[in-house]
Each structure stands twice: as C-alpha cells, then as structure tokens.
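A.B. asks:
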Amino acid sequence: MGGAVAADVTAAQGARPARGRRRGAPGVVELGLLSLGGFAAFFGLWFVVARSGVVPARFLPAPGVVAATFFHLTHDPFAGYTLQQHLLSSIGRFLMGFALAAAAGVPLGLLMGWFRWLDDVVSPVFEGFRFIAPIAWVPFAALWFGTGIGGPILIIFSGAFPPCVINAQRGARLIEPHLIEAARSLGAGHCRMFAEVLVPGALPSIVAGLRISAGLAWQSLVGAELIVVSSGVGYLMVQGQSNLATPIVMSGMIAIGIVGFLIDVALRAAEARIRRGWAGA
Amino acid sequence: MSQISFQSVSRVFRRGSEEILAVADVSLEVADREFVAIVGPSGCGKTTLLRMAAGLDFPSSGSVLVGAREVAEPGPDRAVVFQQFALFPWKTVRENIGFGLKCRGVPAAQRNAAVDRYIEMMGLQGHENAYPHQLSGGMQQRVAIARSYALEPEVLLMDEPFGALDAQTRIEMQEELIRLARVNPRTVLFITHAVEEAVYLADRVAVMTRRPGRLAEIIDVAPVRRAEAWEERPIEEVMDLGSFTHLRTRIWKMLRDEREAKAEAPRVTPLQRRKAGP
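Residue numbers (this note's numbering), protein chains in the order written: chain A, -19 to 261; chain B, 18 to 295.
1) If we count the other Cβ atoms within 10 Å of its Cβ and call it buried at 16 or more, is residue 173 of chain B buried or exposed?
2) So what does DSSP say about residue -6 of chain A, is it helix, strand or coil?
3) In the structure shown, what three-state DSSP assignment does residue 37 of chain B receive?
4) Give me, in chain order, the residues of the same chain whose beta-carbon lies closer than 7 Å to that of residue 190 of chain B; leave out the 5 immediate sequence neighbours on both sides.
5) Three-state secondary structure (DSSP) at residue 1 of chain A?
6) Give me the Cα-Cα distance between residue 221 of chain A and residue 40 of chain A, rounded to the nearest whole angstrom.
7) Which residues in chain A sit within 9 Å of residue 124 of chain B, going by Cβ to Cβ distance?
8) What did DSSP end up calling residue 135 of chain A once you bin it into helix, strand or coil?
9) Should residue 96 of chain B and residue 219 of chain B be called a contact, given that it needs their Cβ atoms to be closer than 8 Å?
10) Say the cut is 7 Å; is the CB of residue 206 of chain A nearer than that to a heavy atom of the ligand FMN?
11) Using CA coordinates, which residue listed in A:72, A:148, A:43 is at the minimum distance from residue 226 of chain A?
12) Could you check where the beta strand (DSSP E) with residue 175 of chain B kicks off and where it finishes?
13) Express the C-alpha separation of residue 71 of chain B and residue 127 of chain A in angstroms, rounding to a whole number.
14) Please identify, using Cβ separations under 8 Å, the residues of the segment 136 to 170 of chain A that lie next to chain B, in order along the chain.
15) Run the CB neighbour count on residue 108 of chain B, radius 10 Å, all protein chains shown included, and call it buried at 16 or more, exposed below.
16) Quick check: residue 204 of chain B and residue 37 of chain B, are their CB atoms within less than 8 Å of each other?
17) Contact defined as beta carbons within less than 8 Å: I believe residue 41 of chain B pairs with residue 230 of chain B. What is the distance between those atoms, to the nearest angstrom?
18) For residue 43 of chain B, which beta-bridge partners are listed by DSSP?
19) My understanding is that residue 151 of chain A touches residue 182 of chain A, with C-beta atoms under 8 Å, so please give their C-beta distance in whole angstroms.
20) Quick one: give me the first and last residue of the beta strand (DSSP E) that residue 203 of chain B is part of.
21) Please classify residue 103 of chain A: does DSSP put it in a helix, a strand, or coil?
22) When you compare the CB of residue 158 of chain B with every CB in chain C, is at least one pair closer than 8 Å?
23) Within the same chain, show all residues whose beta-carbon is closer than 6 Å to that of residue 155 of chain A, passing over the 5 residues directly before and after it, in chain order.
24) Are any of the Cβ atoms in chain B nearer than 8 Å to that of residue 1 of chain A?
25) Enumerate in chain order the residues of its own chain whose CB-to-CB distance from residue 184 of chain B is below 7 Å, with the five nearest sequence positions on each side excluded.
26) Nearest-angstrom Cα distance between residue 81 of chain A and residue 106 of chain B?
27) Relative to the C-alpha of residue 236 of chain B, which candidate in B:32, B:267, B:103 has its C-alpha closest?
28) Looking at the strands, I want to know which residues DSSP matches up with residue 61 of chain A.
29) Pick out whichever of B:233, B:225, B:198, B:228 has its Cα sitting closest to the Cα of residue 217 of chain B.
30) May I have the straight-line CA-CA distance separating residue 35 of chain B from residue 254 of chain B, to the nearest angstrom?
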C-alpha cells in the first residue's frame, strides 16, 4: 500500500507524451471495445464457474443473483437503509476524512518542501507512520472515539494523509529554483511567495497526490466502517456477512468499486485540466 | 559615485571535500547609469558575480556593494533578468509584468497603467492575456525584461538574457535593449559569452579569465560608441565598422589565448587545500 503513495512526478510535471507510449496508443473506440471485452470475459467466467456447481452458491453467488440483490437493495432497506443511503453516509465520512487529510497534509507538505529543517524534523516520524495500514488504527479508533464519528474519520485520515504530504512536499521542492529567485528579486514576501509561487508551482503534484489520497481514503472506508454502528456500505457488508448473505456482501463490493471508480475519474479529469494549463511549466 | 562595486571579491564553492575557487579577487566598479558587460569562457564565474550583486549568492571574501550598501538579500532595487526567462507559467503576461509592483503594494489601477506602458514599450500588445508557454522565446524574454523594468529599478542585472534565443531574435532584442537603454537609462550589469553582443551593448566590457575567474582586462567602448554615434545606426552597420571589428577581434583574441592557456595547463584546476580529509 505504501508503495503507491507517491505520484509519478515526471507525469505530474506535465510530460504528456508518456501516456501514449505506455498504452501503445490504441484509438478511443478500440480502447472502449477492449474494456468491454474485459468486462464480458470477467462476468462470463464468473457466470460459468457459479453455474457449473463446482463452487457452492453459498460461497460464490451467480452474477444474476448479485444483480438482483443489488437492485433490490436500492429500494428495499437492509440493515436499516437502502443501498443509496448507506452509500451517502459512507461518502459523507469519506469526504470528511479526505478533506481533513488534504487540509492538514497539503500545507504541511508545502512547508516541508520550503523549510528544509521542518522536513528534517517531520520526515523520520512520518516515514514510519505511513507504512501502518489504515486498518491497523481500528483498535485505537474504537478506544479513543467509541462509536462516534471520529473513529472512521481517523482511519480514513490515516490512509489519505501520507500522499497529500509527500506530493505537496515534492511539488514544492521541484519548483524551478529560478522562479523562486525571480520572485525574491521582485520583492515577494513570505506570504506572497507561498500563495503565488509555491502553491501554483506545486499544484500539478498536489492534485496528483490528492487523487491517490482519495483512492486510499475510499479503500480505507470498509475498514473504518467495521467499527461504525448503524450505516455505511462497510456496515451493510458486515451485516450481510453475519447473515451469511453473500450476494449482499458482493453488492457492497460492487457499489464500492463503482463509486471509487467515479471518484478517480473526476479527479483524473481535474488533474488533466491542471496539467494542460501548466503545459509550459 | 559607483552604483555597483565589487571589492576584492572571491567565491569558493565546496563540492564534497573539494574546494573550487570560482571567482578570484575581482574588483570592478560600475558607475551610475553605466552599462557594463562581462564576457568570459563558460565556468569563469561571471554569473556568480551577477548573482552576488543580486543577493542570490554571497562572496567568500571581499564585499559587494550596490548603492552604498552591502548586498545582503535579493530586492526589487536590483531587477534580475535570467537566461531561462523565469516567468511564472501560471500567470499571464500582464500578471507576470505586474508581479513586482503587486509585491510593492502598488494599487491595482496604478499598477495596470504601469503594466500597459511596459507592454507597449516592449511591443507585447495583443499578448497581454497569453500565458508564457504560448509565446515564442523572444516574446517571453520581452515579458521578463518588461517585468524587470516595471519596477523601475536603479540596477538591472542581466544574466545571458539572449543566450536562449535564435540568432535573428537575438539581434532584434539587442537593438531593443539599446533603444530601451536610451529612453530609460539604468545601471546595467550584463553577462554574456557573446563578444559581439558585449561590444555592441556595453559602455565597458570586462573580460574574465578561465576558472578561477579573474578580471583580465576592461575595455572602454563608450568613447568610440559616442564618437561614431552607434546608437543612431542599425546594428548590422555598427557591426561592420572598423572600430567595432577591431574591438571585437581584440577581445576574441584575449579569450582564445585564455582557452589555449587552459589546454596547456594541467587538468587539476580546483583548489586542493582541503583534500586531505580525516
């Protein structure tokens, strides 16, 4: 998990050709067909394995059953709420944890990139902490916050915080020294330097970090919701598990996948836009 | 009174356990509103001298004064024009030019008027809202020069400002700078490795030796320039004048002698005082 934390910095600096090279540059239509093919193969295989009876339905429900359950969950409450309501409360927690991580992590990273001494102070501790998987915080989250809102947020925060810090720090560190020297020569004070040079200069890297951070935050969610009492997709899945209702667990997994994918698409779009604007950097 | 004053300036860089003497005992005075160019082989420490005047680097011994004050930090009284332009890529032409004034706290209306003036002076009309990467190299350097001029600094420090431009643009920019210097005379310290550029632009040309950089000679161009009214003539005509080619060839020869001296000299140039470590 820790390895995926730092964004590809050269990509973050706006080197656009890299994308084409990596994919062997197929067209949009071909890409679409390939993706559809992947989905078809996946569901086909699942269907065949589930139908063949090799694996009991209790262990692996068929795609059709899961789809029906998924649809059912959208209007019939399970564990107190419909699937959308569970998702909404999950997304609320996600947003709070993620926003908190970004609000604390990005400024800290920028300051670390700017003040070498702060980097020296914070980095050793930070480097240790960031390898602790978010789920490892569950016992303490429960101990400190009980069943309150703080517990899940702490866990999401612990997943989302490191990429915010690391990428902001790198972004600040990698700004052209000439730009900083020019700004100093033009009389920029500390605040202006921070707001008008450091932040915009590091922005492509910051946004790349936020995207990774959002992914990790969303991943940490299920772990976070293991200790939540009454709502959320993770809670729905735990309840499904204790009822031995595997289709419900799978519906939760699918919902997590879809929402995670949508979050990533949105942040990718934001990242691409910023990179395009920074093309000359 | 001299505007920029290098007083027995030396600069030692440390690389690992090695000490490298980049600038050795340079004394140079640049008078008020004088244009001095420093030429020298690459790595001779000419840029280091400029950075010390800018407050971006500091002498290991000796002192650098601008006005009457010892340079302690960068400041808007000494605008720097960098070879790499150093424009803020996330700011438009207008915002780039106005940045220094904004830092100074000039109100928006007044700032806009000043920015408009320099946009016009540098022929940047129509590009006000472009971002730097949308402009050619020559245009970008015009923006950078406008950004420096907008602060109306006493001293302009130009570090190979035309080094990254193509030959044609470079000549245009040189003419532009002469025109600008006439309308708006400033004290200029100009670093270049192009001898013709130095002779064409400068009142005096300081020639530096290879590392460790010392001042080899200072050549006074101003009397010839004034006598022959170079400023009134197009650049190609000036560069054809006997007086111009004479000065240029003299400096070329000096630099070539330097290069040959380097070829003969043993390869160990760095100082090795500190070589014996623990």
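Even for Gly, the Cβ is constructed at its ideal location relative to N, Cα and C.
Only a predicted model underlies this, so the values are computations on that prediction, with no experimental measurement involved.
C.D. replies: Reading off the structure:
1) Taking the second sequence and counting its residues from 1, one reaches residue 173 of chain B at position 156. Buried, because 16 or more other Cβ atoms sit within 10 Å of the Cβ of residue 173 of chain B.
2) Your numbering for residue -6 of chain A matches position 14 in the first sequence. Confidence in residue -6 of chain A is poor, its pLDDT being 42 and thus under 50, which makes the residue's placement unreliable; the coordinate value appears in the next sentence. In this structure, residue -6 of chain A counts as coil in the three-state DSSP scheme.
3) Within the second sequence, the letter at position 20 stands for residue 37 of chain B. It is a strand residue.
4) Residue 190 of chain B sits at position 173 when you count from the first residue of the second sequence. Excluding sequence positions up to five before and after residue 190 of chain B, its CB lies within less than 7 Å of the CB of 155, 158, 179, 182, all in the same chain and listed in chain order.
5) Position 21 of the first sequence, counting from 1, holds the residue named residue 1 of chain A. Confidence at residue 1 of chain A is low in this model, with a pLDDT of 47, below 50, so the placement of that residue should be treated as unreliable; the coordinate-derived value is given next. Under the three-state reduction of DSSP, residue 1 of chain A is assigned to helix.
6) Here residue 221 of chain A corresponds to residue number 241 of the first sequence, with the count starting at 1. Here residue 40 of chain A corresponds to residue number 60 of the first sequence, with the count starting at 1. Residue 221 of chain A and residue 40 of chain A: Cα-Cα distance of roughly 13 Å.
7) As a first step, residue 124 of chain B must be located in the second sequence, where it is residue number 107. Near residue 124 of chain B there are no residues of chain A at all, since even the closest Cβ is about 16 Å away, more than 9 Å.
8) Translated into positions along the first sequence, residue 135 of chain A becomes position 155. Note: residue 135 of chain A maps to helix in three-state DSSP.
9) What you label residue 96 of chain B is simply residue 79 of the second sequence in a count that begins at 1. What you label residue 219 of chain B is simply residue 202 of the second sequence in a count that begins at 1. The criterion of a C-beta distance shorter than 8 Å is not satisfied by residue 96 of chain B and residue 219 of chain B.
10) Ligands are entirely absent from the displayed structure, and the ligand FMN is therefore not among its contents.
11) Position 246 of the first sequence, counting from 1, holds the residue named residue 226 of chain A. Between residue 226 of chain A and the set A:72, A:148, A:43, the nearest pair of CA atoms involves A:43.
12) Reading the second sequence from its first residue, position 158 is the one you call residue 175 of chain B. That run of the beta strand (DSSP E) goes 172 to 176.
13) Locating residue 127 of chain A in the first sequence gives position 147, counting from the first residue. Locating residue 71 of chain B in the second sequence gives position 54, counting from the first residue. Rounded to whole angstroms, residue 127 of chain A to residue 71 of chain B spans 59 Å at the Cα level.
14) Only 156, 158, 159, 161, 162, 163, 164, 165, 166, 167, 168, 169 from the segment 136 to 170 of chain A bring a Cβ to less than 8 Å from some Cβ of chain B.
15) Translated into the one-based positions of the second sequence, residue 108 of chain B becomes position 91. So residue 108 of chain B counts as buried.
16) The sequence position of residue 204 of chain B within the second sequence is 187, counting from 1. The sequence position of residue 37 of chain B within the second sequence is 20, counting from 1. Not in contact: residue 204 of chain B and residue 37 of chain B (Cβ atoms no closer than 8 Å).
17) The residue labelled residue 41 of chain B in the question sits at position 24 within the second sequence. The residue labelled residue 230 of chain B in the question sits at position 213 within the second sequence. The beta-carbon distance between residue 41 of chain B and residue 230 of chain B, rounded to whole angstroms, is 6 Å. This is short enough to meet the 8 Å contact definition.
18) One-based indexing of the second sequence puts residue 43 of chain B at position 26. The beta-bridge partner set that DSSP reports for residue 43 of chain B consists of B:26.
19) As a working note, residue 151 of chain A is residue 171 in the first sequence. As a working note, residue 182 of chain A is residue 202 in the first sequence. About 3 Å separates the two Cβ atoms, so the contact holds.
20) The residue labelled residue 203 of chain B in the question sits at position 186 within the second sequence. First-last for residue 203 of chain B: undefined, no H or E at that position.
21) Within the first sequence, numbered from 1, the residue matching residue 103 of chain A stands at position 123. For residue 103 of chain A, the secondary structure class from DSSP, reduced to helix, strand or coil, is helix.
22) Absent here is chain C; the protein component of the structure consists of chains A and B.
23) As a position in the first sequence, residue 155 of chain A is number 175, starting the count at 1. Around residue 155 of chain A: 181.
24) Taking the first sequence and counting its residues from 1, the one referred to as residue 1 of chain A is at position 21. Bear in mind that the predicted position of residue 1 of chain A carries a pLDDT of just 47, short of 50, making it too unreliable to give a figure here.
25) Taking the first residue of the second sequence as position 1, residue 184 of chain B is located at position 167. Result list for residue 184 of chain B: empty, nothing under 7 Å.
26) Here residue 81 of chain A refers to the residue found at position 101 when the first sequence is read from its first residue. Here residue 106 of chain B refers to the residue found at position 89 when the second sequence is read from its first residue. Residue 81 of chain A and residue 106 of chain B: Cα-Cα distance of roughly 28 Å.
27) Within the second sequence, the letter at position 219 stands for residue 236 of chain B. Taking only the C-alpha atoms, the option nearest residue 236 of chain B is B:267.
28) By 1-based counting over the first sequence, the position of residue 61 of chain A is 81. Beta-bridge pairing links residue 61 of chain A to A:58.
29) What you label residue 217 of chain B is simply residue 200 of the second sequence in a count that begins at 1. For the set B:233, B:225, B:198, B:228, the Cα lying nearest the Cα of residue 217 of chain B is the one of B:198.
30) Start at 1 with the first residue of the second sequence, and residue 35 of chain B comes out as number 18. Start at 1 with the first residue of the second sequence, and residue 254 of chain B comes out as number 237. Straight-line Cα distance between these residues: approximately 48 Å.
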